[in-house]
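J.: Chains as they are written, first to last, in the UniProt record's numbering: chain G, 1 to 192; chain C, 1 to 775.
First, the structure itself, so that you have it in front of you.
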C-alpha cells in the first residue's frame with residue numbers, strides 16, 4: 001500500500017527527511033508508529049504534522065508525518081520541501097478502510113499491477129532497474145507486514161550503509177526519539 | 001487547561017493607564033527593555049462606542065517605565081511610572097508603534113503613514129522624514145548590515161511592494177524595493193530574510209537576492225495572519241486550525257507545528273480581549289506582556305514543581321468537594337488555582353451554553369456532576385449550591401477570576417435566580433458578565449422579571465426591558481423585586497432613546513399623569529437637545545392631562561427659566577382656570593382656593609412675560625382684586641393697583657410692599673413716584689369718610705421735609721374730626737374712654753363710669769344735689 005517516491009538527495013550529508021503523504025485516515029500515523037515503536041496503536045487524527053527522529057547508522061533521519069485532513073492540504077507541499085523521499089500512502093480498498101491484513105482478493109480496488117505502475121511513473125527520474133525492487137509496498141501496520149522494508153528500502157537508497165554499519169544499526173535498534181519526550185525536555189529548559 | 005503554566009501579573013492597571021485628559025481605553029502597542037527597566041510606549045486608541053461620542057477618536061501615546069521586582073514572597077511584581085503622554089493630531093487610530101531605543105526614536109504607523117517621534121518628549125522629529133502608503137512595518141532584530149547607529153526596517157506598501165530602509169536619528173534611507181504578487185498584511189524580518197503574509201499565503205523572501213519562496217496558504221478570512229520572529233532565522237506563523245507553524249529562513253520547518261488548543265486560545269481571549277480588536281501580546285526580551293482594553297499584564301511562567309504541586313492540590317480539592325468538606329475544598333480550589341470552569345461544570349446547566357470548556361484532559365476527578373454526589377437528597381443539593389455561590393462570590397473580582405467573569409457571573413445569576421436572592425439585582429445592574437443568551441430563559445423560568453428587564457437594560461435592549469416593566473405594572477406578570485411604576489418613570493426620564501420614550505409615555509401618563517410628567521421634567525441635566533422632546537411638542541402632547549401640563553409648564557418657566565411668552569401665558573391661564581374651577585365648585589374649602597390663588601399671584605408677580613390683558617379681563621370679571629392689583633402693576637397702572645389694595649382690600653402693608661416690589665431694580669425716583677401715588681390714594685377725599693381711622697398711619701409715612709401747608713387742609717379736617725370723635729367718646733368726669741357696657745347716668749344727663757359715680761345723689765360734674773328720696 002505504500003509507494004515510495006525518491007528524489008535526488010538534497011539534504012545535508014548526514015541527514016535525510018522522509019515525509020509520508022496521503023488521504024485522510026488511510027493510516028499514515030499508524031504506519032509510522034508501527035515502524036518507530038514496533039507496535040500497533042489506533043491513532044487520533046494528526047493535527048498539522050508530527051515529527052520523528054530515527055537513527056540510521058551514523059545518520060539522523062527525520063520522519064515527517066502529515067495530516068491528511070482537507071484543511072491541511074495547503075501545508076503538504078510546504079512540509080515536502082527538502083524531503084529526500086516521500087511515501088505516498090493510500091488505502092487499497094476504498095470500501096474496507098484498512099490495509100493488507102483486511103484485504104481479500106475480492107475487496108481490492110487497486111490491483112498490485114496498478115500500484116506498481118503508479119510507483120514507476122512517479123519515479124520516472126530514477127533508474128528503476130537499479131533498485132532492489134519496485135518502489136511499491138503493500139503493508140499492514142496491524143501485524144507489521146512489510147513496514148520495516150519500506151523504510152529500509154528508502155534509507156538504503158538515499159543513505160547506503162555498508163553491511164557492517166547495518167548490522168550495528170540493527171543491534172542498537174533504539175535510535176528513536178519520540179516527540180513528546182523531546183517536548184518535555186524542552187519544557188524543563190524553559191523553566192530553569 | 002487546569003494547570004496554569006503562566007500567571008497573569010498586572011503590570012499597569014487601569015487607573016494608572018488613564019491619563020487625565022485621555023480617558024480612553026488604551027492599547028499597548030510596544031514595550032521594550034532598557035537596563036532592567038522596560039519603557040512602555042502605549043497607544044491609546046478609542047475603542048468602545050460610548051466614549052467615541054465625546055472624545056472624537058483622539059489618540060494618545062503614553063510613555064511608561066516598568067520595573068520588575070521580585071517580592072519577598074517570591075512573587076513577581078511590577079512597578080510602573082508614567083513618563084508622559086502626547087496627543088497625536090490624527091483622525092485615524094494608530095496601527096503600529098515600535099520603539100528603536102538605540103536611536104531614541106519611536107516609529108508610529110498611522111493613517112498609512114510612518115513617522116518618527118522622539119522617544120522622550122514624544123514630539124515628531126525635526127526633519128519630518130516619513131513614508132506614505134504603508135500598511136505595516138517591521139524592525140529587523142537581526143540586522144543584515146549591523147550598523148549600530150541605524151535600525152533596519154521593512155515596510156509593506158499598499159501597492160504590492162515591500163521597501164527596505166535603514167532608519168537613523170533623523171532620516172529614513174531607502175535601500176531597495178521588492179514587488180510581491182499581492183499586498184502584504186504582516187511582516188517578520190530576520191537577517192536578509194523577510195517573512196511576509198500576503199492576502200492569501202505566506203512567503204519567505206530573501207531581499208538581497210529578491211528570491212521569493214512560497215510557504216503555505218492561509219484562509220485570510222478566518223485567521224488573521226501572524227508572524228513572530230522567534231529566533232535567528234526562524235519564524236512562527238499562524239497556520240490553519242490554530243496551528244503554529246515554524247518556518248526557517250530557508251522556507252522549511254525544522255519543528256513540528258504547535259497546536260494552540262482551542263481552550264488555551266479561548267482562555268487568552270477571555271483574559272486579554274474583553275472587546276474585539278483591542279489586544280496586544282508582545283514578547284520583550286523574554287517578558288511576555290498582554291494588553292487588554294483595561295490593563296497590561298505580564299505573563300510570568302510558573303515553576304514546574306509548583307505546577308505539579310498545584311495539580312495535587314486540585315485533585316485534593318475535588319476529593320474534599322465530593323465529601324462535602326466545603327471549607328477545605330474552597331481553600332484548595334483557590335490555592336490550587338483550579339480553573340473555575342472545572343468547578344462550575346459540576347453543576348448542570350450553570351456554565352454558559354456557548355462555552356467551549358472541556359474538562360481537563362487529564363481528569364482531576366471522577367465526579368460526573370453534583371446530582372451524582374447528592375443522589376436525590378435535596379438538602380445536600382442545596383448545600384452544594386450554597387458552596388458554589390460562596391466560592392464564586394469569594395473569587396469574583398479577584399485575581400483568580402481574571403478571564404472568567406462571564407462564567408462566574410452567569411453561574412451566580414442562575415444560582416441567585418433559583419433562590420430569589422437579593423444579590424441578583426446588584427449582580428445584573430452594574431458591570432455584569434451575564435449575557436442575554438443564557439440568562440433570559442433562566443430568569444423567565446424563575447419569574448425574575450425585574451432582573452431580566454435590568455439585564456436587557458444593561459445590554460441596551462431598552463425596548464425589551466420596558467416591555468417587561470409594562471407587563472409588571474399592568475399585573476400581567478409578577479415579581480416582588482419590581483419597585484413599581486415610579487421606577488419606570490425614572491428609567492424613562494433617563495432614557496436617551498427619545499423615540500422609545502414616546503412609545504411608553506402614553507401608557508405611563510394614562511396610569512399616573514402627575515408622576516408621569518417627570519419623564520419630561522426630570523431629564524438628565526446634560527442631555528443634548530432633541531427634536532422629539534422639544535417643549536412645544538411635549539405641551540401639545542400633554543394637552544389631555546391638565547395637571548401634567550401645569551407641572552411641565554412650571555418646569556419650563558420656573559426651573560428652566562425659559563423666556564417664552566407662550567409658556568408663561570399658558571401657565572398663567574391654567575393657574576387662573578384652576579382657581580375659577582375651584583370657585584365654581586360647591587363645598588370647597590377656602591384654603592384650597594387660597595392656595596390656588598396664591599400660586600396664581602406668585603406667577604403673575606414674578607413673571608413679566610405673560611399677556612397681562614388676557615388675564616386681567618378674566619380677573620376683573622371674577623372680581624379677583626388681589627390679582628387685578630398685580631396685573632395693573634404689570635401694566636404700570638399703579639394708581640389703579642394701589643386703589644384696589646387700599647380701598648378694596650384694605651391691605652395697607654400690601655400696598656407699601658407693592659411700591660417696593662414694583663420699583664425693584666428701577667431708578668430710585670420710580671419708588672418715590674409709587675409712594676407718592678400711594679399717598680394720593682390715601683389722601684383721596686372721595687374715600688375719606690371711610691378711612692379716617694387710618695390717618696395716623698399715613699402721617700407716619702409722610703416725609704419729614706414736606707411743608708405743613710401742603711397738607712394743611714387734610715390735617716385740619718382730620719384733626720377736627722379726630723377731636724370730635726375723641727370728645728364724644730370720652731367721659732367728662734375722668735376724661736377716660738368707655739371701657740364697659742355699664743355706666744351711670746345722672747338726672748341732669750351727665751354720664752360717668754360706674755366707679756366714678758361715688759354718690760348717686762350728687763352730680764360729680766356740676767355738684768347738683770338730687771333728692772335722696774325715692775319717688
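Every residue, glycine too, gets a C-beta built ideally from N, C-alpha and C.
Check residue 273 (chain C) in the structure and name its three-state DSSP category.
T.: One-based indexing of the second chain puts residue 273 (chain C) at position 273. At residue 273 (chain C), the pLDDT of 28 sits below 50, so the modelled position is not reliable; the number obtained from the coordinates is stated separately. Correct three-state label for residue 273 (chain C): coil.
J.: Candidates G:69, G:161, G:154 and G:168: which alpha carbon is nearest residue 25 (chain G)'s?
T.: For the purposes of this step, residue 25 (chain G) is taken as residue 25 along the first chain, with counting starting at 1. The shortest Cα separation from residue 25 (chain G) among G:69, G:161, G:154 and G:168 belongs to G:69.
J.: Relative to the C-alpha of residue 642 (chain C), which candidate in C:682, C:509 and C:616 has its C-alpha closest?
T.: The count along the second chain starts at 1 and reaches residue 642 (chain C) at position 642. Among C:682, C:509 and C:616, the Cα nearest to that of residue 642 (chain C) belongs to C:682.
J.: So, does the CB of residue 336 (chain C) fall closer than 8 Å to a CB anywhere in chain G?
T.: Along the second chain, one-based indexing puts residue 336 (chain C) at 336. With 8 Å as the cut-off, residue 336 (chain C) does not count as an interface residue toward chain G.
J.: Between residue 199 (chain C) and chain G, is any beta-carbon pair separated by less than 8 Å?
T.: What you label residue 199 (chain C) is simply residue 199 of the second chain in a count that begins at 1. Answer no: the Cβ-Cβ gap between residue 199 (chain C) and chain G never drops below 8 Å.
J.: Looking at the structure shown, is residue 128 (chain G) part of a helix, part of a strand, or coil, going by DSSP?
T.: Your numbering for residue 128 (chain G) matches position 128 in the first chain. Residue 128 (chain G): helix per DSSP, three-state reduction.
J.: Are the region 440-459 of chain C and the region 503-511 of chain C in contact at 8 Å, needing three or more beta carbon pairs?
T.: Touching, no, given that fewer than three Cβ pairs across the two stretches are closer than 8 Å.
J.: How close, in whole Å, do the beta carbons of residue 381 (chain C) and residue 367 (chain C) come, if the pair is a contact with beta carbons under 8 Å?
T.: Looking up residue 381 (chain C) in the second chain gives position 381. Looking up residue 367 (chain C) in the second chain gives position 367. With a Cβ gap of about 14 Å, residue 381 (chain C) and residue 367 (chain C) do not count as contacting.
J.: If we call anything under 8 Å between Cβ atoms a contact, is residue 67 (chain G) one with residue 48 (chain G)?
T.: Here the question's residue 67 (chain G) lines up with position 67 in the first chain. Here the question's residue 48 (chain G) lines up with position 48 in the first chain. Contact flag set, yes.
J.: Out of C:475, C:530 and C:552, which one is the CA nearest neighbour of residue 513 (chain C)?
T.: By 1-based counting over the second chain, the position of residue 513 (chain C) is 513. The shortest C-alpha separation from residue 513 (chain C) is found at C:552.
J.: Let me check understanding here. Comparing Cα to Cα, which of C:159, C:554 and C:96 lies closest to residue 792 (chain C)?
T.: What is shown of chain C runs 1 to 775, which leaves residue 792 (chain C) out entirely.
J.: When the cut-off is 8 Å and only beta carbons count, does residue 234 (chain C) lie next to chain G?
T.: Position 234 of the second chain, counted from the first residue, corresponds to residue 234 (chain C). No, because no Cβ of chain G sits closer than 8 Å to the Cβ of residue 234 (chain C).
J.: Please name the residues in the region 53-82 of chain G whose beta-carbon is closer than 7 Å to at least one beta-carbon of chain C, in chain order.
T.: Those residues of the region 53-82 of chain G that come within reach of chain C (Cβ to Cβ, closer than 7 Å) are 71, 72, 74, 75, 78, 79, 81 and 82.
J.: I'd like to know if residue 134 (chain G) contacts chain C, where contact means its C-beta is closer than 8 Å to some C-beta of that chain.
T.: Reading the first chain from its first residue, position 134 is the one you call residue 134 (chain G). It does not; no Cβ of chain C falls within 8 Å.
J.: With 8 Å as the threshold, decide whether the Cβ of residue 110 (chain G) is near any Cβ in chain C.
T.: Translated into the one-based positions of the first chain, residue 110 (chain G) becomes position 110. Chain C, which has no Cβ nearer than 8 Å to the Cβ of residue 110 (chain G), makes this no.
J.: One question on the structure: do residue 629 (chain C) and residue 658 (chain C) come within less than 8 Å of each other, judged by their Cβ atoms?
T.: Working through the second chain from its first residue, we reach residue 629 (chain C) at position 629. Working through the second chain from its first residue, we reach residue 658 (chain C) at position 658. Contact: yes.
J.: Counting Cβ pairs closer than 8 Å, one from the region 351-362 of chain C and one from the region 383-390 of chain C, do we hit at least three?
T.: Cβ pair count under 8 Å is below three, so no.
J.: Please determine, among C:499, C:469 and C:111, the residue with the shortest C-alpha to C-alpha distance to residue 490 (chain C).
T.: For this step, residue 490 (chain C) is matched to residue 490 along the second chain. Out of C:499, C:469 and C:111, C:469 has the C-alpha closest to the C-alpha of residue 490 (chain C).
J.: The beta strand (DSSP E) spanning residue 97 (chain C) covers which residue range?
T.: Here residue 97 (chain C) refers to the residue found at position 97 of the second chain. Taken as a continuous stretch (DSSP letters only), the beta strand (DSSP E) holding residue 97 (chain C) covers 94-100.
J.: Give me the Cβ distance between residue 136 (chain C) and residue 194 (chain C), rounded to the nearest whole Å; I'm assuming they're in contact under 8 Å.
T.: Counting from 1 along the second chain, the entry for residue 136 (chain C) is found at position 136. Counting from 1 along the second chain, the entry for residue 194 (chain C) is found at position 194. So it is not a contact: roughly 12 Å between Cβ atoms.
J.: Taking 8 Å as the cut-off, decide whether the C-beta atoms of residue 417 (chain C) and residue 448 (chain C) are in contact.
T.: Translated into positions along the second chain, residue 417 (chain C) becomes position 417. Translated into positions along the second chain, residue 448 (chain C) becomes position 448. Yes, Cβ-Cβ distance for residue 417 (chain C) and residue 448 (chain C) is below 8 Å.
J.: Does the pairing of the region 409-424 of chain C with the region 432-444 of chain C give three or more beta-carbon distances under 8 Å?
T.: Yes, the region 409-424 of chain C touches the region 432-444 of chain C.
J.: Which chain C residues sit within Cβ distance under 9 Å of residue 40 (chain G)?
T.: Working through the first chain from its first residue, we reach residue 40 (chain G) at position 40. Chain C residues near residue 40 (chain G): none, gap ~22 Å exceeds 9 Å.
J.: Helix or strand or just coil, what does DSSP make of residue 203 (chain C)?
T.: On the second chain, position 203 is the one that residue 203 (chain C) refers to. If DSSP states are grouped into helix, strand and coil, residue 203 (chain C) belongs with the strands.
J.: Look at the alpha carbon of residue 329 (chain C) and the alpha carbon of residue 315 (chain C), and state the distance between them as a whole number of angstroms.
T.: Sequence index remark: in the second chain, residue 329 (chain C) carries index 329 (1-based). Sequence index remark: in the second chain, residue 315 (chain C) carries index 315 (1-based). Residue 329 (chain C) and residue 315 (chain C): Cα-Cα distance of roughly 10 Å.
J.: Any Cβ of chain C within less than 8 Å of the Cβ of residue 95 (chain G)?
T.: Looking up residue 95 (chain G) in the first chain gives position 95. With a pLDDT of 46 at residue 95 (chain G), under the threshold of 50, the modelled position of this residue cannot be trusted, and the question is left open.
J.: Which partner residues does residue 179 (chain C) have in the DSSP bridge list?
T.: Counting from one through the second chain, the residue named residue 179 (chain C) turns up at place 179. According to DSSP, which records beta bridges pairwise, residue 179 (chain C) is partnered with C:161.
J.: Looking at chain C, is there any beta carbon in it that lies within less than 8 Å of the beta carbon of residue 51 (chain G)?
T.: In the first chain, residue 51 (chain G) corresponds to position 51, counting from 1. Cβ-Cβ to chain C under 8 Å: yes for residue 51 (chain G).
J.: Between which two residues does the beta strand (DSSP E) holding residue 211 (chain C) run?
T.: The count along the second chain starts at 1 and reaches residue 211 (chain C) at position 211. Element bounds for residue 211 (chain C): 211-217.
J.: Kindly indicate if chain G contains any beta-carbon less than 8 Å away from that of residue 216 (chain C).
T.: Against the second chain, residue 216 (chain C) aligns to sequence position 216. Cβ-Cβ to chain G under 8 Å: yes for residue 216 (chain C).
J.: Give the secondary structure of residue 136 (chain C) by DSSP, where H, G and I count as helix, E and B as strand, and everything else as coil.
T.: Counted from its first residue, the second chain places residue 136 (chain C) at position 136. DSSP places residue 136 (chain C) in strand when its eight states are reduced to three.
J.: Leaving aside the five residues before and after residue 136 (chain G) along the sequence, list all residues of the same chain whose C-beta is less than 6 Å from its C-beta, in chain order.
T.: In the first chain, counting from the first residue as 1, residue 136 (chain G) sits at position 136. The residues are 3, 115, 116 and 119.
J.: Starting from the C-beta of residue 755 (chain C), find all residues in its chain whose C-beta is less than 8 Å away, skip the five residues before and the five after it, and write them out in chain order.
T.: Looking up residue 755 (chain C) in the second chain gives position 755. Closer than 8 Å at Cβ, skipping near neighbours: no residue.
J.: Can you tell me whether residue 753 (chain C) is helix, strand or coil according to DSSP?
T.: Counting from 1 along the second chain, the entry for residue 753 (chain C) is found at position 753. Residue state, collapsed to three classes: coil.
J.: For residue 620 (chain C), report the span of its alpha helix (DSSP H) as first-last.
T.: The residue labelled residue 620 (chain C) in the question sits at position 620 within the second chain. 612-621 is the extent of the alpha helix (DSSP H) around residue 620 (chain C).
J.: Could you tell me whether the region 454-465 of chain C touches the region 482-489 of chain C, where touching means 3 or more Cβ pairs closer than 8 Å?
T.: Judged by Cβ distances under 8 Å, the region 454-465 of chain C makes no contact with the region 482-489 of chain C, as fewer than three pairs qualify.
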